[in-house]
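Here the structure comes first, spelled out in structure tokens, and everything after it is commentary.
Residue numbers (the working numbering): 564 to 627.
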């Protein structure tokens with residue numbers, strides 16, 4: 564007996580589709596955020612870089 568996607572109940576099909584959509588959405592969001600951070604860091608001397616440096620130094624000082 565071969566089980567396939569077509570033999571699943573409608574609720575299980577919904578769960579499979581929702582899970583695939585959630586994984587794709589998280590992957591897409593991750594790529595977008597990484598792209599934005601890379602863009603900010605590639606801009607030499609920008610205000611965003613200065614703010615990121617301030618945030619980073621603030622976190623380092625909290626760890627001391």
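Heads up, the beta-carbon is just placed ideally off N, CA and C, and yes, glycines get one too.
Considering only their Cβ atoms, is the gap separating residue j from residue i smaller than 8 Å?
i: residue 571; j: residue 581; result: no
i: residue 611; j: residue 622; result: no
Buried or exposed for residue i, please, with buried defined as at least 16 other CB atoms from any protein chain shown within 10 angstroms of its CB.
i: residue 620; result: exposed
Just checking: is the beta-carbon of residue i within a distance shorter than 8 Å of some beta-carbon in chain C?
i: residue 611; result: Judged by its chain identifiers, the structure shown contains no chain C, having just a single protein chain.
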